[in-house]
Amino acid sequence: MKKSLIALAALAASGAAMAQSSVTLFGVADATFAYGTGTVSKKTQLASGGLDGSRLGFRGVEDLGGGMSASFHLEAGLNNDDGTGGTTDTNNQGKAASGGLIFNRRSTLSLNGGFGEVRLGRDYTPHFKNLTAFDPFGTSGVGTTQTLKSSIGGPTTIRASNSIGYLLPGNLGGFYGQGQFYMGENDSNVANKKDGNGVSLRAGYANGPIDVAGAFAKTTYLLNTANGTGGNITTMNFGGKYDLGMVKILGQYSQDKVIGTGTGKGLLGGVQIPVGPAGEVRLSFSTYKVVTVGVNTPDPATNKIAAGYVHNLSKRTAVYGTFANVTNKKGAEQALNNSKTAPNKKSSGFDFGIRHSF
Amino acid sequence: MKKSLIALAALAASGAAMAQSSVTLFGVADATFAYGTGTVSKKTQLASGGLDGSRLGFRGVEDLGGGMSASFHLEAGLNNDDGTGGTTDTNNQGKAASGGLIFNRRSTLSLNGGFGEVRLGRDYTPHFKNLTAFDPFGTSGVGTTQTLKSSIGGPTTIRASNSIGYLLPGNLGGFYGQGQFYMGENDSNVANKKDGNGVSLRAGYANGPIDVAGAFAKTTYLLNTANGTGGNITTMNFGGKYDLGMVKILGQYSQDKVIGTGTGKGLLGGVQIPVGPAGEVRLSFSTYKVVTVGVNTPDPATNKIAAGYVHNLSKRTAVYGTFANVTNKKGAEQALNNSKTAPNKKSSGFDFGIRHSF
Amino acid sequence: MKKSLIALAALAASGAAMAQSSVTLFGVADATFAYGTGTVSKKTQLASGGLDGSRLGFRGVEDLGGGMSASFHLEAGLNNDDGTGGTTDTNNQGKAASGGLIFNRRSTLSLNGGFGEVRLGRDYTPHFKNLTAFDPFGTSGVGTTQTLKSSIGGPTTIRASNSIGYLLPGNLGGFYGQGQFYMGENDSNVANKKDGNGVSLRAGYANGPIDVAGAFAKTTYLLNTANGTGGNITTMNFGGKYDLGMVKILGQYSQDKVIGTGTGKGLLGGVQIPVGPAGEVRLSFSTYKVVTVGVNTPDPATNKIAAGYVHNLSKRTAVYGTFANVTNKKGAEQALNNSKTAPNKKSSGFDFGIRHSF
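Residue numbers (the UniProt record's numbering), protein chains in the order written: chain A, 1 to 358; chain B, 1 to 358; chain C, 1 to 358.
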């Protein structure tokens, strides 16, 4: 993901010694010709976000003096192919709000200081970060790791609304960490009053060529309620990346346990290989299997291989192509790029697109 | 409400003597931990707008020469906790449009000159301004005056769409005033063709420590139509603020008369007390009672006390805490921060949050 | 339509010899008092876009070196009277998404070079451009050509989502041209799998006082499907403008053939007459007739006359007034400014407004 381009110098009149402040307009426009084929139906699309999710955002930071600062981050997803916005989940129970531009990707207000960062609002969940950080395709496009695509981790697998988070400061010799508490905000006189409440923790170490991290999360859902989220969901995952210079090696393991449903187990191995000054080849194998509750129930599993190439025309603009193929077993019917495939059948797809950051 | 930060110098190529123009990106990010408790249910939330409503806006002004200027103001409400936008009322009859970012807070185009300002679009109604200007809590958060919270003033109590307004110029020795006409835009061949049409007028005087104003408004609604707005609504209110230096005293009286329903009567008294260079204590008592139509009908009434403290970390960033309690009588069931309480029972709540303007 | 005002100088730190890049915030605020009258009902509104459609947009260009550049354009329609956003059509089959701010007007990502421009996303269809370029009122407001207002050209008459377009470079001695392919993105196993797929081509010549162009488009729709678009739609149109200095003369002819429905035929003639340094008078006559399929079926037709005056207060701000009248025949019931009129009856309307670009 590219950094912002426009630092709007502000408050010039407030005196030379005053705090430096900025508001930044940023975004990504990513359009891709996307094709998917399965045994049931094929799909041809102009899609959005094959390399990085299309977005428009506004963020800023104000220096409060004494090493403190306040900052905000408003980031709206958008579909470059038809101009629509994204969806959010206002209660962490799958209650979507969509239709127009909304800051579904991130909407946070922070206080920062030597103590670290307190972050309030809608944000990525910490336990998602290992899935995306240690995926050669960064969980974007047709190559996205199957550990995310098949995940039974529920509504907070990627982001949570109503969160109160804390991030460790950046000067701990490579150690990093984050804790997050989020709320479902139900009335207190209903049976599922705690649905959507949860906690997520992540800790890691990045230094030189190495980056490793683990995460744990638990979200509460009453068993068999109407929202279809099953019962309580417990997620544990860890992963790492090692940069050998001529190749980066990535791997991750994830486990999602849903009371009453089963346990999902995911694994990924992959590489990113620089090609000349501007290119990168990406390869990955990922798999996810759901060990369902009950004797003699099938345990659907899906394997995925993905190969892609990104060519950077500049720091902000890239062209890319990705091919992927999934194999389904024991009743799984995962398909790529909005195609549909019958249980136990294959599906394949490709993206060919342009990504421009601003 | 903080002023904008970023004046984007524009039109540099148009010549030195030319008009000065600017477009400003502005906003507020306000996140608050909000708790409410009533006899029916409690609610714990990460909420938005405890001190000032969260928003994102764009505004600009163009100097037309000869003392004239054109300006626009687009201001969208947003919920910092989940990234969603606000709602508007497209016909002043309660017809909401929501789901994404919309300029529900204000969407106006103005021509300005020595004559004052002609303002077209969606805007605050003049008769709302006395409720917010003379409330120690500025009608934000759990401390908001009960004269607004219980108001039976209908869809245009705060804002109106489709308005044509006129504001007096600012050089009248402290006298200020505003008139506004707004339209419901119904077809002419329906019975309630005039629903949502209205007029609102406000006049005041601000000079040194004193600020007083009064307002009158009438909005047309056909009696007993489906939109539940009752019959014609007539609102009258006045209020004032006096700055004694060590304390600001605020007071207001409001009356909303709805044909077929009854008459609401509201009263508020409060103070704002500076504490050191960066702090402010806010206290208020407010009450609203509905004298319903008909003999032997109860006249529901609610009393509210609120106390808060705002600590400014900078001109743009503040932390704050507010506590409030309501007492219901004669069938009223007002509750705080999305809790619910039974008729004639109490409710209390608090906000604890951060407000950052940009 | 006014150009953008604010070129945000960016990437200052990236070195003097680096690419020039900019992101531009732009828009139009246009508010109009709009009245329409027909035999069934009248309508009085504060409307939006009487001279130019109200909008908010973000666009940028990045120089990639070697004559190449990447650019994006995100443009959201909005209603200045109530702050709402516009609607888009996500599948070119009339499937609307609306409610909040969405980039329904245009949402594109481009690669540009000596070869021309490759443009991906939601954009105007090439075959729409002759209708708007050769209408004295630019297809805005109550004066909009009847060749658009009565058109049976279907969902892609103005814009298409999911489009892949190519535009000729600008250095071809006055010749210009554009091709566009767009997709409905239906599943491959449904009967109407090709619905919303289409192609549109336009070529023209502009040099000195003359500008002429023709276009052809075909969009696929299965006959008698639920979306009400009829069968395949084939559109052909051409038009021109000649600038005599004291008057610009404009004309256009259009034909929309819908399998199973009939053929629409439109014609317009009009003028734009400069009045002093800042004014312009606009006059037009336009007509559209649908030759319906089947013997003894009526062929509804509507004639329109429109007259307007635009007075520019600056390059960005204008006041304007437009009057129009339509005459219906053979069952047509076209009406102006949201009034309604009975079949074969007249309707008239006017706009009186302000347009401010930023």
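Glycine is no exception: its CB is placed at the ideal position from the N, C-alpha and C atoms.
Requested in this report: Determine the direct distance from the alpha carbon of Y288/B to that of S150/B, and round the result to whole angstroms.
Outcome: 6 Å
Requested in this report: Could you name the residues of the same chain whose beta carbon sits closer than 7 Å to that of N312/A, not counting the 5 residues immediately before and after it, in chain order?
Outcome: A278 and A318
Query raised in the report: Hey, H73/A and R59/A are a contact pair by Cβ (cut 8 Å); roughly how many whole angstroms apart?
Result: 4 Å
Query raised in the report: Which class does P274/A belong to by DSSP, given the choice of helix, strand or coil?
Result: strand
Query raised in the report: Going by DSSP, what residues sit across from I305/C in a beta bridge?
Result: F285/C and N325/C
Query raised in the report: Terminal residues of the continuous beta strand (DSSP E) containing Q146/A?
Result: First-last for Q146/A: Q146 to K149, but that is the alpha helix (DSSP H), not the beta strand (DSSP E).
Query - Classification of G208/B by the beta-carbon crowding that lies within 10 angstroms, buried from 16 upward - result: exposed
Query raised in the report: If we cut at 8 Å on Cβ distances, does G153/B have a partner in chain C?
Result: no
Requested in this report: Output yes or no for whether 8 Å exceeds the beta carbon distance between D63/C and G50/C.
Outcome: no
**Report entry** Coil, strand or helix - N207/B by DSSP
**Finding:** strand
Query - Listed by chain order, chain B residues near H356/C by CB distance under 9 Å - result: G60, E62, A70, S71, F72, L109, S110 and L111
Requested in this report: Using a Cβ-Cβ cut-off of less than 7 Å, give me the residues of the segment 73-93 of chain A that come near chain C, in sequence order.
Outcome: L78, N80, D81, D82, G83, T84 and G85
**Report entry** Buried or exposed by the 16-neighbour rule on C-beta atoms within 10 Å, applied to A47/B
**Finding:** buried
Requested in this report: Count the C-beta pairs between the segment 101-112 of chain A and the segment 139-155 of chain A that are closer than 8 Å, then say yes if the count reaches three, no if not.
Outcome: no
Query raised in the report: In the DSSP assignment, what residue or residues form a beta bridge with A47/C?
Result: T32/C
Requested in this report: Run down chain B in chain order and give the residues with a C-beta less than 7 Å from the C-beta of N162/A.
Outcome: Q45, L46, D81 and D82
Query raised in the report: Mind checking T217/A: buried by the 16 CB within 10 Å criterion, or exposed?
Result: Looking at the sequence shown, residue 217/A is not Thr but Ala. Buried, by the Cβ-count rule.
Query - Inter-stretch contact (C-beta, 8 Å, three-pair minimum) for the segment 104-118 of chain A and the segment 130-137 of chain C - result: no
Query raised in the report: In the structure shown, what three-state DSSP assignment does L131/C receive?
Result: helix
Query - Buried versus exposed call for L268/A [16 or more other C-beta atoms within 10 Å across all chains shown] - result: buried
Requested in this report: Count the other CB atoms, across all protein chains shown, that sit within 10 Å of the CB of V247/B; report buried if there are 16 or more and exposed otherwise.
Outcome: exposed
Query raised in the report: In chain order, what residues of the same chain lie with their CB nearer than 8 Å to the CB of F115/B, ignoring the 5 residues before and after it?
Result: P169
**Report entry** Short Cβ contact (8 Å threshold) for A332/A with A306/A
**Finding:** no
**Report entry** Neighbourhood of G240/A by C-beta, 8 Å cutoff - its chain only, sequence neighbours within 5 removed
**Finding:** F134, I210, D211, V212, A213, L250, G251 and Q252
**Report entry** Local conformation of V61/C per DSSP, three classes
**Finding:** strand
Query raised in the report: Using a Cβ cut-off of 9 Å, which residues of the segment 309-327 of chain B contact any Cβ in chain A, in chain order?
Result: L313, S314, K315, R316, T317 and V319
Query raised in the report: Shorter than 8 Å from the beta carbon of F103/B to some beta carbon of chain C?
Result: yes
Query raised in the report: Hey, out of Y205/B, E185/B, V326/B and T341/B, whose CA is closest to Y176/B's CA?
Result: Y205/B
Query raised in the report: What is the rounded straight-line gap between the Cα of N171/C and the Cα of M68/C?
Result: 15 Å
Query raised in the report: How many angstroms separate the CA atom of Q180/C from the CA atom of A191/C?
Result: 24 Å
**Report entry** Cβ-Cβ distance between F352/B and G321/B below 8 Å
**Finding:** yes
**Report entry** Under 7 Å from the C-beta of N189/A: neighbouring residues of chain B
**Finding:** V40 and S41
Query raised in the report: Skipping 5 residues on each side, what residues in its chain have a beta carbon closer than 6 Å to that of M236/B?
Result: F216 and Q255
Requested in this report: Would you list, in chain order, the members of the segment 22-33 of chain A that have their beta-carbon closer than 8 Å to a beta-carbon of chain C?
Outcome: L25, G27, A29, D30, A31 and F33
Query raised in the report: Hey, does L51/C have any beta-carbon neighbour from chain B nearer than 8 Å?
Result: no
Query raised in the report: Do T220/C and D195/C come within 8 Å of each other at the CB atom, strictly closer than that value?
Result: yes
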